[in-house]
Amino acid sequence: MGSVPAATPSVREIWRAQRADGPAAVLAIGTANPAHCVPQDEFPDFYFRATNSDHLTALKGKFKRVCK
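One rule links them: number in our numbering = place in the sequence shown (from 1) + 6.
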């Protein structure tokens, strides 16, 4: 019948193999000034136009109140 090979790694060995030995670092490159900036009071109108949702007037009113 099938037997387990003698060299089967333990869970701890697998865990250790998947981890780094030293500290990690993250390099992030971005821009501080976006090319497209929408003022907060104009955002609901912009969002509903961009998503073709102008027909949802009740939701648009609630969204405007949240953005105030």
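Glycine residues also receive a C-beta, built at the ideal position from the N, C-alpha and C atoms. If you're wondering where the values come from, they're calculated on a predicted model, not measured in any experiment.
- Classified as buried, proline 50 has 16 or more neighbouring CB atoms from the shown chains inside 10 Å of its CB.
- Taking the CA atoms as reference points, asparagine 58 sits about 46 Å from arginine 25.
- In this structure, phenylalanine 54 sits near aspartate 60, with a CB-CB distance shorter than 8 Å.
- Taken through DSSP and simplified to helix, strand or coil, glutamine 46 comes out as helix.
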